[in-house]
Amino acid sequence: MAAAGRLSFSNITALAPMVRVGTLPMRLLALDYGADVVYCEELIDIKMAKCQRVVNDVLETVDFVAPDERVMFRTCEREKGRVVFQMGTADPERALVVARLVEPDVAAIDVNMGCPKEYSTKVSSCQDPPVALTILDETVSLVQRIEQTGVAAVAVHGRLKDERPRHPLHLDYIQAAAGAVSIPVIANGGSLDLVKTNKDIEDFRRTSGASSVMLARAAMWNASVFRAGGPLPLETVMEDYLKHAIRYNNHAFNTKYCLCQMLRDKVESPLGRRVQAAQTSAEISEALGLQEFYQQTQDKLQARRDAAHSGGAP
Ligand code: FNR
1 MAAAGRLSFS NITALAPMVR VGTLPMRLLA LDYGADVVYC EELIDIKMAK CQRVVNDVLE
61 TVDFVAPDER VMFRTCEREK GRVVFQMGTA DPERALVVAR LVEPDVAAID VNMGCPKEYS
121 TKVSSCQDPP VALTILDETV SLVQRIEQTG VAAVAVHGRL KDERPRHPLH LDYIQAAAGA
181 VSIPVIANGG SLDLVKTNKD IEDFRRTSGA SSVMLARAAM WNASVFRAGG PLPLETVMED
241 YLKHAIRYNN HAFNTKYCLC QMLRDKVESP LGRRVQAAQT SAEISEALGL QEFYQQTQDK
301 LQARRDAAHS GGAP
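Shown next, in the form of structure tokens:
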């Protein structure tokens, strides 16, 4: 991770990068509830390199817009200094082009190295102690080499390439990495069994020996896991999320996807069915009883558009 500015990765709790989930509304929700740092979904350098940076005066956002008009990355003042841009790249030159493009608008840039690496694809099991030791040695050596490149921090997931997210976490690998470098290590991978409540975040940080903690699934299911004051009911979290989605004109499909992830096993409940049936932002808002908020927000945004067209103040 390269830090642009003064973002510290020591003793922080972060929203992990999640494809489709880590768009602006989820990042703002995580910040509202107490996350210190929020990662965007992984964005591929090839697509980002073709984007235009556009200041959106109506939404008060900065948008990175693809040639087909799709907004690949949207950010706003509220997350300035806290948003980490995660890039998928296999090309250092293109990565640099994209890093320069987004640098003024993000707090740091993260390169996703969680994809298959030769060192981890060579082995399929760590049940065998010599194999486990080799992986441990290679993990330590890798994070040390990464540290030498001058990055600000490194996040360690604690699973092998062939393992699924449902498999138990290798806490010892995170501990080994944390003990091997002096830059902050961010412990990740604890959502399934280790981190269920806000208090567990601190326990995960301590037992892993890492400086910081990054949460993906626990936050996706109920982002109020970041709240020091305790969790909020799912319905409240969904409403808070939807308000951000409406305010920032999030794509309806993306909004619906995230709400369905939150619903999990309640996706067939009456509320779940209403969300599933909704096709537009207006319909999703109605499903959650936020039609009034939706309409008021649309009116406000329209007033801004009108003011911008007539050249007056909004
Ligand atoms: C992920 N993960 C992930 N990782 C990454 O580096 N870039 C990404 O874009 C994504 N996308 C993604 C989407 C979804 C829906 C999930 C659930 C996960 C992996 C994620 O950041 C994290 O490393 C793992 O989920 C383990 O952490 P948790 O879930 O145990 O907290």
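First residue of the sequence shown: 1, per UniProt numbering; consecutive thereafter.
Just so you know, even glycine gets a beta-carbon here, dropped at the ideal spot from N, CA and C.
The alpha-carbon of D200 is positioned some 51 Å away from that of H309. Inclusion of L215 in the 6 Å shell around ligand 1 follows from its C-beta lying nearer than that to a non-hydrogen atom of the ligand. Taking 7 Å as the cut-off, the Cβ atoms of Y294 and A277 do not count as close. Each residue's CA atom was taken as its position, placing P104 and R53 some 11 Å apart. The Cβ atoms of A216 and P184 lie no closer than 7 Å to each other.
Of the candidates S211, G209 and E239, E239 places its Cα closest to the Cα of A223. As DSSP reads the structure, I174 sits in no beta bridge. Excluding sequence positions up to five before and after V102, its CB lies within less than 6 Å of the CB of F85, all in the same chain and listed in chain order.
For S212, the distance from the CB to the nearest heavy atom of ligand 1 is not below 6 Å. DSSP places Y39 in no alpha helix (DSSP H) but in the uninterrupted beta strand (DSSP E) bounded by V37 to Y39.
L171 places its beta carbon 7 Å or farther from that of S211. Around M87, the same chain offers E42, L43, I44, D45, M48, A95, V98, A99, I109, D110, V111 and N112 as residues with beta carbons nearer than 8 Å, after the five sequence neighbours per side are excluded.
Taking C-beta atoms as the reference points, Y33 and P17 fail to come closer than 7 Å.
Bridge partners of T13 according to DSSP: V213. When the Cα atoms are used, L194 and F204 turn out to be separated by approximately 7 Å. Between A35 and T61, the C-beta gap is not smaller than 7 Å, which leaves the two residues out of contact. For T139, the secondary structure class from DSSP, reduced to helix, strand or coil, is helix.
Inclusion of L24 and A219 in the CB contact set at 7 Å is not warranted, their separation being larger than that value. Beta-bridge partners of V275 (DSSP): none assigned. Looking at the backbone, the Cα of S285 and that of A303 are separated by about 20 Å.
Scanning A155, R6, D299 and N198 for the CA closest to the CA of Y173 turns up A155. At the C-beta level, C51 and A66 come within 7 Å of one another.
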